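S.K.: The structure is given below, and queries will be raised subsequently.
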Amino acid sequence: MRLALKIWRQDGPSDTGRMARYDIDGVSEDSSFLEMLDLLNEQLTERGEEPVAFDSDCREGICGTCGVVINGEAHGPERTTTCQLHMRSFKDGDEIVIEPWRADPFPVIKDLVVDRSAFDRIIQAGGFISANTGSAPDAHATPVPKEHADRAFMAAECIGCGACVAACPNASGMLFMGAKITHLGELPQGQPEREARVVSMTAQHDHEGFGGCTNLGECTRACPKGIPLNVISQMNADFRHAGYGRR
Amino acid sequence: MTDTLIEGLYREGEPIADTKAPPGDISQKWTTRQFEAALVNPANRRKLSVIIVGTGLAGAAAGATLGEAGYQVKSFCYQDSPRRAHSIAAQGGINAAKNYKGDGDSIHRLFYDTVKGGDYRSRETNVYRLAEVSADIIDQCVAQGVPFAREYGGLLDNRSFGGVQVSRTFYARGQTGQQLLIGAYQALERQIAAGTVQMFARHEMLELIVVDGKARGIIARDLVTGEIETHLADVVVLASGGYGNVFFLSTNAMGSNVTATWRAHRKGAYFGNPCYTQIHPTCIPQSGEQQSKLTLMSESLRNDGRIWVPKRAEDCEKDPREIPEEDRDYYLERIYPGFGNLVPRDIASRQAKNMCDEGRGVGPEVDGSRRGVYLDFADAIGRLGEDAVRAKYGNLFDMYERITGENPYQVPMRIYPAVHYTMGGLWVDYDLQSTIPGLFVTGEANFSDHGANRLGASALMQGLADGYFVLPNTIRDYLAAGPFERIDEDHPAVAEARESVQGRIQHLLGTNGTRSVDSYHKELGKIMWEKCGMERTDAGLREAIEQIRALRADFWANVRVLGTPEGLNQALERAGRVADFLELGELMCIDALHRRESCGGHFRAESQTEDGEALRHDDEFAYVAAWEWGGDGGAPVLHKEDLVYEFIELKQRSYK
Numbered sequence: 328m329r330l331a332l333k334i335w336r337q338d339g340p341s342d343t344g345r346m347a348r349y350d351i352d353g354v355s356e357d358s359s360f361l362e363m364l365d366l367l368n369e370q371l372t373e374r375g376e377e378p379v380a381f382d383s384d385c386r387e388g389i390c391g392t393c394g395v396v397i398n399g400e401a402h403g404p405e406r407t408t409t410c411q412l413h414m415r416s417f418k419d420g421d422e423i424v425i426e427p428w429r430a431d432p433f434p435v436i437k438d439l440v441v442d443r444s445a446f447d448r449i450i451q452a453g454g455f456i457s458a459n460t461g462s463a464p465d466a467h468a469t470p471v472p473k474e475h476a477d478r479a480f481m482a483a484e485c486i487g488c489g490a491c492v493a494a495c496p497n498a499s500g501m502l503f504m505g506a507k508i509t510h511l512g513e514l515p516q517g518q519p520e521r522e523a524r525v526v527s528m529t530a531q532h533d534h535e536g537f538g539g540c541t542n543l544g545e546c547t548r549a550c551p552k553g554i555p556l557n558v559i560s561q562m563n564a565d566f567r568h569a570g571y572g573r574r
Numbered sequence: 020m021t022d023t024l025i026e027g028l029y030r031e032g033e034p035i036a037d038t039k040a041p042p043g044d045i046s047q048k049w050t051t052r053q054f055e056a057a058l059v060n061p062a063n064r065r066k067l068s069v070i071i072v073g074t075g076l077a078g079a080a081a082g083a084t085l086g087e088a089g090y091q092v093k094s095f096c097y098q099d100s101p102r103r104a105h106s107i108a109a110q111g112g113i114n115a116a117k118n119y120k121g122d123g124d125s126i127h128r129l130f131y132d133t134v135k136g137g138d139y140r141s142r143e144t145n146v147y148r149l150a151e152v153s154a155d156i157i158d159q160c161v162a163q164g165v166p167f168a169r170e171y172g173g174l175l176d177n178r179s180f181g182g183v184q185v186s187r188t189f190y191a192r193g194q195t196g197q198q199l200l201i202g203a204y205q206a207l208e209r210q211i212a213a214g215t216v217q218m219f220a221r222h223e224m225l226e227l228i229v230v231d232g233k234a235r236g237i238i239a240r241d242l243v244t245g246e247i248e249t250h251l252a253d254v255v256v257l258a259s260g261g262y263g264n265v266f267f268l269s270t271n272a273m274g275s276n277v278t279a280t281w282r283a284h285r286k287g288a289y290f291g292n293p294c295y296t297q298i299h300p301t302c303i304p305q306s307g308e309q310q311s312k313l314t315l316m317s318e319s320l321r322n323d324g325r326i327w328v329p330k331r332a333e334d335c336e337k338d339p340r341e342i343p344e345e346d347r348d349y350y351l352e353r354i355y356p357g358f359g360n361l362v363p364r365d366i367a368s369r370q371a372k373n374m375c376d377e378g379r380g381v382g383p384e385v386d387g388s389r390r391g392v393y394l395d396f397a398d399a400i401g402r403l404g405e406d407a408v409r410a411k412y413g414n415l416f417d418m419y420e421r422i423t424g425e426n427p428y429q430v431p432m433r434i435y436p437a438v439h440y441t442m443g444g445l446w447v448d449y450d451l452q453s454t455i456p457g458l459f460v461t462g463e464a465n466f467s468d469h470g471a472n473r474l475g476a477s478a479l480m481q482g483l484a485d486g487y488f489v490l491p492n493t494i495r496d497y498l499a500a501g502p503f504e505r506i507d508e509d510h511p512a513v514a515e516a517r518e519s520v521q522g523r524i525q526h527l528l529g530t531n532g533t534r535s536v537d538s539y540h541k542e543l544g545k546i547m548w549e550k551c552g553m554e555r556t557d558a559g560l561r562e563a564i565e566q567i568r569a570l571r572a573d574f575w576a577n578v579r580v581l582g583t584p585e586g587l588n589q590a591l592e593r594a595g596r597v598a599d600f601l602e603l604g605e606l607m608c609i610d611a612l613h614r615r616e617s618c619g620g621h622f623r624a625e626s627q628t629e630d631g632e633a634l635r636h637d638d639e640f641a642y643v644a645a646w647e648w649g650g651d652g653g654a655p656v657l658h659k660e661d662l663v664y665e666f667i668e669l670k671q672r673s674y675k
C-alpha cells in the first residue's frame with residue numbers, strides 16, 4: 328500500500344509543534360498500524376531524519392501504552408487499540424492524519440508521546456483495596472455472587488490507555504475513574520473504603536484538570552475494551568451516597 | 020579456574036552451591052529459613068533503603084510489600100506507568116495448590132509437577148517453597164479485589180493447564196496477568212501515596228554500582244529528559260523480567276530487554292542457564308516480513324481445542340472444514356494418549372515443528388514453508404455450545420480474528436510455536452541473592468524455579484511468590500546487618516559507573532554509521548531462532564557464535580543512531596538494549612553448545628531417542644550452568660551447581 332501520512336512533530340514539551348507530511352510505500356495490509364510507523368521510521372533513519380517518537384509496548388492490545396488520534400479518532404476508525412489496528416482497515420492511497428492524545432492533563436513529551444501520569448495519581452488517591460501482604464483470609468471465606476464478580480471483571484478490563492480522555496470534548500477522565508470505582512465497589516472486599524474512595528479519587532481527577540462528564544458517550548465509543556457509560560452513573564451514585572450517607 | 024580454553028570458547032571455574040537452604044525435611048525448610056532470618060525492628064526499617072528495578076508482578080509486589088513493612092523503597096520502570104509491565108499480557112492463569120476441586124492436588128503434587136515439567140533442571144528447595152506459598156497468593160489477590168472467575172455459588176473456579184492432570188489454575192477470563200498486575204500495581208500506588216515508595220517511571224537502569232563488593236545502587240537514565248542519574252541504596256533488587264527479545268520476534272513486549280541483568284552480570288553476577296528458552300506452542304503464526312512481534316494465544320485453549328494437521332500434505336491448501344475426520348491427524352492425541360492436547364509446552368511445540376517439517380503445515384507460506392497447525396474448536400462448540408465457548412475464551416477469539424482476519428468460531432485457528440519465556444536468568448541462592456552481595460533477583464529475571472521448561476500458569480505464580488512472600492522474608496536477613504556505610508555520589512565506583520554509561524551513549528550517538536538499530540536486532544534474531552531456537556546442533560551453534568561476533572563488531576562500527584542524548588530518544592534506548600542482546604546472544608549459544616543433551620526447551624539434535632524424543636543425560640548434565648563474565652574479549656567462566664534431588668527421583672519424562 329501507498330499512503331500519505333500527516334504526523335504531529337514536536338521536539339519537546341516546550342516546542343510549539345507542527346504537522347509534517349511523509350509519503351510511504353510498500354506497507355503490507357497485514358501490518359499493524361504501529362508496524363507501519365516502524366517502517367516509516369526505518370525510512371526516516373535511512374534519510375538521516377529523526378524517527379517519529381510514539382509509545383508502544385506489548386503490541387497485543389493489553390498494556391495500554393500505545394494510542395494516537397488517527398483521522399480525528401482516538402485509536403482510529405475501529406474499536407481497538409492502535410497496536411491492534413491493522414492496515415487492512417485502510418485503502419491504498421489514503422491520507423492519514425496522526426496526532427497525539429489531545430488533552431491538557433496529558434501534556435506532550437515528544438511527537439506522539441504524552442504524559443499520562445495523572446491517571447496514576449488518581450489511582451493513588453484511592454483506586455485500591457488496603458490489604459497488606461500476608462494478612463488475607465482464605466480466598467473462599469468470602470463468596471462473591473457470580474454476577475457481581477462478572478461486573479467487577481467487566482469494569483476491571485480498563486487498560487488505562489487514555490482514549491476516553493482523548494475522545495471527550497471536555498477531556499474528562501470519568502470513564503477511567505468510574506471503571507475502577509465500579510470494579511472495586513462490586514466486590515465485598517471493596518466496601519469498607521467505598522465512600523472515601525469515590526470522594527478522594529474525584530477530588531484528584533478535578534485537581535489534575537480533567538473535565539466533567541456531559542454524557543456525550545464519546546469515551547465509551549472510543550474505549551478499546553468497551554467499558555460502558557454506566558460506570559460513570561455508578562460513580563455518580565456512589566458519590567451521592569458518600570455525601571448523604573448510604574441508606 | 021582452569022587456564023585452558025575449552026573448545027576455544029570458555030573456561031571452567033570452581034563449582035558453586037546454594038548455602039542458604041537449611042537442612043532438614045523439605046516441607047520444613049522455608050519455615051526454618053524464615054525463623055532463622057534476622058529481623059529488622061520496625062523503627063529501624065525506615066533507615067534502610069531498597070532499589071527495585073522493574074514493576075511487573077515480582078517488582079510491584081515486592082515494592083508494595085517492602086513499602087508496607089516500612090523500608091524506604093525506590094521503584095524504577097522504563098514504561099510510562101508501572102501498570103504497563105509485561106506481566107500484564109499473561110493470559111491463562113495462575114497455579115495454586117488449593118485443592119478446591121478435591122481432585123488430589125497438594126503442595127507436594129504441585130512441587131512434583133513443576134520439577135518434572137522443568138525436566139529436572141530446577142532446584143528442588145526453591146520449587147517446593149514456590150508450591151508452598153502458592154495458596155497464599157490467591158488469598159492475597161482476592162483480598163485486593165482481583166476479579167477471578169467464579170462459579171454461581173460465589174466460590175472460585177479453576178481450570179487445568181498443560182502438563183498437569185489436576186485442575187489448579189485460577190484465572191480471570193483470558194486476562195489473568197492483567198488482573199494480577201493491576202492488583203499489585205494498585206498495592207504499589209497505595210504505598211506511593213503513603214510515601215513509602217518513590218516511583219521513577221520512564222527510567223532505565225543502565226549500570227549497577229558495586230562498592231566494596233556489595234551492590235549499592237544504580238545509574239539510571241531519565242528517558243524523558245535524558246539525564247543520567249545516580250541512585251544509591253542499601254540493597255538492589257532486579258525484577259526486570261526475561262530476555263526473549265534477543266530473538267527479535269517473540270511474544271515479549273517491544274521494550275522488554277536484558278540490560279538490567281546483563282549490566283549486573285558484567286559486574287560479577289553469574290548468569291544461570293542462559294540457553295533455556297521456552298518456546299510457547301500456541302502463538303499466532305507469522306504473517307510476513309514487516310512483523311514486529313508475535314502474539315500468544317493462551318495455552319488454556321488446549322483444554323477445549325483439538326490440534327491437528329491433514330494426514331496428507333496435498334490437503335494442506337484445502338479449506339480445513341472440507342477435510343473429513345478420517346483424513347485428519349490429531350497427532351498429540353495419537354502420540355500421547357494420556358495427556359493428549361495437554362502435553363507440556365516443549366513437547367507440543369516440537370511436535371508442531373515436526374508436522375510442519377514433514378510438509379503438513381497449514382496457512383500461508385512465509386520464507387517458502389507453511390508454519391502452522393490447526394487448533395480446532397468445532398468439537399467444543401458442538402458439545403458446549405458457542406455461548407459457553409465464548410464465555411470462556413471470548414477475548415482470545417476476538418484477538419485472533421483481529422490479527423488474522425479469520426473467524427475462529429467458524430474456521431479452526433492456526434497456531435505455531437514462538438519464543439515466549441526465558442527460564443535462564445541471574446543465578447540466585449535460596450534467599451534470591453545473586454553472587455554479588457546485596458543484589459537480589461526475582462521473577463523471570465532469576466533462573467531458579469522452572470528448570471529447562473516452564474509449566475503453564477507457573478510464571479505468574481513465581482512472580483508473585485517472589486515479590487509478596489519470599490523476597491520480603493529473605494532480604495531482611497541481609498538488611499538486618501545495615502544500615503551500611505554511607506557512600507557519596509563522588510565515590511570512585513559511582514563515578515566510574517556514570518562515566519561508563521556516558522561513554523556508551525556518546526559512542527552510540529557518535530558512530531553515525533549506515534545501519535539502523537532494528538536491522539541489527541532483526542539479523543541477530545534470525546541467527547538465534549535458526550540456530551539457538553527450538554532445535555540446536557553442534558555445527559549450527561558454532562556458526563551462530565561466529566556470526567554474532569561479526570555482527571557485534573559491525574554494530575559498534577556502523578550503527579546509526581540519530582538525535583541527541585538529551586530528551587526522549589527511542590532509537591538510543593533501543594541501541595543500548597540491542598548492544599546488550601548482542602553480547603547475551605553469544606553466551607546463550609556457548610551455553611547451548613556445551614550442554615550436549617536435549618532438555619526441556621532445549622532440543623539438541625544429536626541427543627534423541629530412536630523415536631525422536633528428547634534424550635536427557637542426567638549423569639553428565641544434572642547441574643545449573645552458572646556463567647561468570649570473562650571481561651571484554653575474554654572467555655566466560657563456567658561454574659557448575661550440582662542439582663541434588665533428595666525428595667524427587669530423577670526420571671526420564673514420559674507423557675505417553
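Sequence lines, in order, name chains H and V. Sequence positions in the first sequence follow this note's numbering and run 328 to 574. Sequence positions in the second sequence follow this note's numbering and run 20 to 675. Every residue gets a Cβ at the ideal spot worked out from N, C-alpha and C, and that includes glycine. Since the model is a prediction, treat every value here as computed from it, not as a measurement.
So GLU518/V and GLY245/V are supposed to be a Cβ contact under 8 angstroms. How far apart are they, rounded?
M.R.: The pair is not a contact, with the Cβ atoms about 16 angstroms apart (cut-off 8 angstroms).
S.K.: Kindly say whether ALA212/V, judged by its beta-carbon, lies nearer than 8 angstroms to any beta-carbon of chain H.
M.R.: Yes, because at least one Cβ of chain H sits closer than 8 angstroms to the Cβ of ALA212/V.
S.K.: Are there 16 or more other CB atoms within 10 angstroms of the CB of GLN310/V, so buried, or fewer, so exposed?
M.R.: Its Cβ being crowded by 16 or more others within 10 Å, GLN310/V is buried.
S.K.: Alpha carbon to alpha carbon, what distance is there between MET607/V and CYS294/V?
M.R.: Their Cα atoms are separated by approximately 5 angstroms.
S.K.: Run through DSSP, which three-state label would HIS510/V get?
M.R.: Correct three-state label for HIS510/V: coil.
S.K.: Any C-beta of chain H sitting closer than 8 angstroms to the C-beta of LEU174/V?
M.R.: Yes, because at least one Cβ of chain H sits closer than 8 angstroms to the Cβ of LEU174/V.
S.K.: Counting C-beta neighbours from all protein chains within 10 Å, is the total for ASP661/V 16 or more, i.e. buried, or is it exposed?
M.R.: Per the 10 Å Cβ criterion, exposed.
S.K.: Can you tell me whether ARG574/H is buried or exposed, with buried defined as 16 or more other CB within 10 angstroms of its CB?
M.R.: At ARG574/H, the pLDDT of 46 sits below 50, so the modelled position is not reliable and the matter cannot be decided from this model.
S.K.: With 7 angstroms as the limit, tell me which residues of the stretch 492-509 of chain V have their beta carbon closer than that to any beta carbon of chain H; keep them in chain order.
M.R.: Against chain H - using a Cβ distance shorter than 7 angstroms - the stretch 492-509 of chain V contributes no residues.
S.K.: Any beta-carbon of chain B closer than 8 angstroms to the one on PRO432/H?
M.R.: Annotation note: the requested chain B is absent from the structure, which comprises protein chains H and V.
S.K.: I'd like the list of long-range same chain contacts for GLY517/H, defined as Cβ closer than 7 angstroms, with 5 residues on each side in sequence excluded.
M.R.: So the list reads ILE456 and LEU511, once near-sequence residues are dropped.
S.K.: Tell me, please, whether the CB atom of ILE334/H is closer than 8 angstroms to any CB atom in chain V?
M.R.: Judged by the 8 angstroms Cβ criterion, ILE334/H is not in contact with chain V.
S.K.: Exposed or buried, which one is GLN525/V when buried takes at least 16 other CB atoms within 10 Å?
M.R.: The residue is exposed, with fewer than 16 neighbouring Cβ atoms inside 10 Å.
S.K.: Would you please verify whether the beta carbon of GLY424/V is less than 8 angstroms from any beta carbon of chain H?
M.R.: Yes, GLY424/V lies at the interface with chain H (some Cβ there is under 8 angstroms from its Cβ).
S.K.: Return the Cβ separation of ASP382/H and THR392/H in integer angstroms, given the expectation that the two are a contact with Cβ distance under 8 angstroms.
M.R.: Sure, about 5 angstroms apart at Cβ, within 8 angstroms.
S.K.: With 8 angstroms as the threshold, decide whether the Cβ of ARG443/H is near any Cβ in chain V.
M.R.: Taking Cβ atoms only, chain V reaches closer than 8 angstroms to ARG443/H, which makes this a yes.
S.K.: Mapping DSSP to helix, strand and coil, what is ALA500/V?
M.R.: Three-state result, ALA500/V: coil.
S.K.: Buried or exposed for ARG614/V, going by 16 or more other Cβ atoms inside 10 Å?
M.R.: It counts as buried.
S.K.: Residue range of the beta strand (DSSP E) that GLN297/V falls in?
M.R.: Looking at the DSSP string, the run of the beta strand (DSSP E) that includes GLN297/V is 296-302.
S.K.: Using a Cβ-Cβ cutoff of 8 angstroms, what residues of the stretch 400-426 of chain H are near chain V? List them in chain order.
M.R.: Per Cβ criterion, the list reads THR407, GLN411, HIS413 and ARG415.
S.K.: Closest Cβ-Cβ distance between GLU369/H and chain V: below 8 angstroms?
M.R.: Yes, because at least one Cβ of chain V sits closer than 8 angstroms to the Cβ of GLU369/H.
S.K.: Does any residue of chain H bring its CB to less than 8 angstroms from the CB of PRO166/V?
M.R.: Yes, contact with chain H.
S.K.: Does DSSP put HIS413/H in a helix, in a strand, or in coil?
M.R.: Residue state, collapsed to three classes: strand.
S.K.: Closer than 8 angstroms, CB to CB, is GLN429/V near chain H or not?
M.R.: Output row for GLN429/V: interface = no.
S.K.: Identify each residue in the stretch 230-243 of chain V for which the Cβ-Cβ distance to at least one residue of chain H is less than 7 angstroms, and report them in chain order.
M.R.: The residues in question are VAL243.
S.K.: In three-state DSSP terms, what is HIS532/H?
M.R.: Note: HIS532/H maps to helix in three-state DSSP.
S.K.: How would you call PRO34/V, buried or exposed, if buried means at least 16 neighbouring beta carbons within 10 angstroms?
M.R.: So PRO34/V ends up on the exposed side.
S.K.: In chain V, which residues lie with their C-beta within 9 angstroms of the C-beta of ALA479/H?
M.R.: GLY164 and PRO166, listed in chain order.
S.K.: Give the residues from the stretch 101-112 of chain V that approach chain H closer than 7 angstroms (Cβ to any Cβ), ordered along the chain.
M.R.: Listed in sequence order: ARG102, ARG103, HIS105, ILE107 and ALA108.
S.K.: Report the neighbours of ILE157/V on chain H: residues whose CB is nearer than 8 angstroms to its CB, in chain order.
M.R.: Near ILE157/V (Cβ distances below 8 angstroms), the residues of chain H are ALA466.
S.K.: How would you label MET346/H, buried or exposed, when you count the other beta carbons within 10 angstroms and need 16 or more for buried?
M.R.: It counts as exposed.
S.K.: If you measure between the beta carbons of LEU603/V and TRP327/V, is that distance less than 8 angstroms?
M.R.: Not closer than 8 angstroms, so no.
S.K.: Identify whether ARG596/V lies in helix, strand or coil by the three-state DSSP scheme.
M.R.: In this structure, ARG596/V counts as helix in the three-state DSSP scheme.
S.K.: Rounding to the nearest angstrom, what Cα-Cα distance links ASP376/V and LYS670/V in this structure?
M.R.: Their Cα atoms are separated by approximately 29 angstroms.
S.K.: Taking C-beta pairs closer than 8 angstroms, name the residues in chain H that MET418/V reaches, listed in chain order.
M.R.: Residues of chain H passing the Cβ test: GLU387, GLY388 and GLN411.
S.K.: Below 7 angstroms CB to CB, which residues in the same chain sit around VAL230/V once its five sequence neighbours on both sides are set aside?
M.R.: The answer, listed in chain order, is ILE506, HIS510 and ALA512.
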